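S.K.: The structure follows.
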Amino acid sequence: MTTNRMTLTLPEDSRLRQPEFLYGVATASFQIEGAAETRQPSIWDRFCATPGKIRDGSNGLQACEHVRYWREDVALIESLGVDAYRLSVSWGRLLNADGSINESGAQFYLDLMDELNRKGIRVFVTLYHWDLPQHLEDKGGWLNRDTAYQFRDYADKASRLFGSRVYAYATLNEPFCSAYLGYEIGIHAPGKAKRSYGRQAAHNLLLAHGLAMSVLRKNCPDGLHGIVLNFTPCYPLSSSPADKAAARYADDYFNQWFIRPLFTGEYPAILSSLEEADRPHIEPGDMAIIAEPLDYLGVNYYTREIYRASPDAPFETVQLDNVERTDIGWEVCPEAFTELLCSLHKKYPLPPIYITENGAATADEPVGERVADEQRIRYYQSHLNAVHKAIEAGVDIRGYFAWSLMDNFEWAEGYLKRFGIVYVDYPTQKRIIKDSGLAYRDAIVWRSHK
Ligand code: IFM
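Under our numbering, residues 493 to 942 are what the sequence shown spells out, in order.
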């Protein structure tokens, strides 16, 4: 029996209904491209090849074979009626190990961008979505300050090559994940685990961002330039002062650590509570480079976390019972999204915001040609409403990107978790637009603006 398809409705009288508000879909190079043999190996290739690191033992060698099917994928993006596509460039596909341009990799991105532009789809490029070339990791990766300068040179070459094809650049995607997950607790590539590593990697990443910003501005004065940060708002388990202090500390450690330097040129005050050996090495002038003004801030939001005081640590995570969760175990909490946007707006002199990622993992199963992913549609509905509420409260939000265009390699979870609004059958590479993709399209296409 087929059930009626659930719909998505944009809030009445909202900026979300205006043609200027951009709707998009997002992906990242390692998660979709495949064709690993035509690029430099990255830290994720090495990590995937290390037994026990990826839940299903998979890798990104084929992924969604987007390098092969990119024309079909652009047609798919167009069919969703979106205004913009957020993609990331693989550093090791664009540049050879000696820093020269890899002609076939460059041509792939140029063709992709030209096709998107021809179809009137704006191109949002992220220069670094976690796939550091392994040859740079072999020299210390993000623990080596020189990687920040290598990144600046890569940003320089990329932005000269792409020119006006790109509407908006983001230097980094989610430096928290690269630094904390990759170098502090080691559950992401390159799998290093030491607090001092995490804090140093974070500093070098932010420095890389700041160095690249001035290069981007010089090479592409008409583009928008910014960074994408992820936020997992931290709530106290109770209203006790101890739990509140624990949540504040966690927030400083995980969230503010990455945004505060961008707008104030300083790390949160908890920096001084760290052992001296764990504090990052900061050179004179670094903080001013990091605080280079932004044209926009990309905000990624999925869920929140709950914290309580602990006798042995500054905070302890708590898992609530009886809350709705997605297939990856993350609590569904749209209220925290509104509160996050409003609190950032209150704390910092923000430039316009784009919601560069938001979405849900659900355990999708196609039935014939249909994927009825109702939980994802409800998730998008409640989170678009949350964005609307933040706009009503005065936050300047200019666009929203669904994560993700299609199911893809979900890092340490391999292919077990599906975030796409398009289903991917990996053995055949067949794509099926899920009900959420159709609902997203129907909600946004009536705005005639192209
Ligand atoms: O798939 C990731 C993406 O690469 C970065 N942000 C979170 C998504 C879901 O985990």
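We treat Cβ as the ideally placed atom computed from N, Cα and C, and that holds for glycine.
Here the structure is a predicted model, which means the values were calculated and not measured.
(1) From C834, S835, V810, L833, pick the residue whose C-alpha is nearest to that of E823; which is it?
(2) Can you name, in chain order, every residue of its own chain whose Cβ lies under 7 Å from the Cβ of Y840, other than the five neighbours on each side?
(3) Closer than 6 Å by C-beta to R868: which residues in its own chain qualify, once you throw out the five before and the five after it? Chain order, please.
(4) Closest by CA to R507, which one among L930, D934, E884, A935?
(5) Report the rounded CA-to-CA distance for F600 versus V815, giving the unit in angstroms.
(6) Shortest alpha-carbon distance to G516 belongs to which of D548, W536, R578, E504?
(7) Which partner residues of K922 appear in the DSSP bridge assignment?
(8) What's the C-alpha gap between Y745 and S670?
(9) Report the partner residues of V810 according to the DSSP bridge assignment.
(10) Excluding sequence positions up to five away, which residues of its chain have a Cβ less than 7 Å from the Cβ of L673?
(11) Would you grab the beta carbon distance between K909 and D865 for me? Rounded to a whole angstrom, and I think it's under 8 Å.
(12) So what does DSSP say about C834, is it helix, strand or coil?
(13) Just tell me which of S896, M498, G821 has its CA closest to the CA of V914.
(14) Here's a check: name, in chain order, each residue in its chain whose Cβ is nearer than 8 Å to the Cβ of G891, leaving out the five neighbours to either side.
(15) Could you give the C-beta distance for D899 and V916, rounded to a whole number, given that I count them as a contact under 8 Å?
(16) Between which two residues does the alpha helix (DSSP H) harbouring V879 extend?
(17) Please state the DSSP three-state secondary structure of P667.
(18) Can you give me the C-alpha to C-alpha distance between D648 and I546, rounded to a whole angstrom?
(19) Which complete alpha helix (DSSP H) runs does the segment 616-679 hold, if anything under 4 residues is left out?
(20) Following the continuous alpha helix (DSSP H) through Y689, name the residue where it begins and the one where it ends.
(21) Would you mind working out which of Y689, V581, R657 sits nearest F643, comparing C-alpha positions?
(22) Return yes when at least one heavy atom of the ligand IFM lies under 7 Å from the C-beta of F654, else no.
(23) Quick one: is the Cβ of F911 within less than 7 Å of any heavy atom of the ligand IFM?
M.R.: Based on what the coordinates show:
(1) V810
(2) Apart from sequence neighbours up to five positions away, the residues of its chain that approach Y840 with a beta-carbon distance below 7 Å are I751, F755, ordered along the chain.
(3) A852, T854, S928
(4) E884
(5) Note on geometry: alpha-carbon atoms of F600 and V815 lie some 44 Å from one another.
(6) R578
(7) D917
(8) 14 Å
(9) I798
(10) Cβ neighbours of L673 beyond the five flanking positions: I679, H680.
(11) K909 to D865, Cβ: 13 Å. No contact.
(12) helix
(13) S896
(14) F513, L514, Y515, G516, D575, A576, Y846, I847
(15) Right, the Cβ-Cβ distance comes to about 4 Å (below 8 Å), so this counts as a contact.
(16) Run containing V879: 866-884, per the alpha helix (DSSP H) assignment.
(17) helix
(18) A straight line joining the alpha-carbon of D648 with that of I546 spans about 33 Å.
(19) 626-629, 638-654
(20) 687-711
(21) V581
(22) With a cutoff of 7 Å, F654 does not count as near the ligand IFM, since its C-beta is closer than that to no heavy atom of the ligand.
(23) yes
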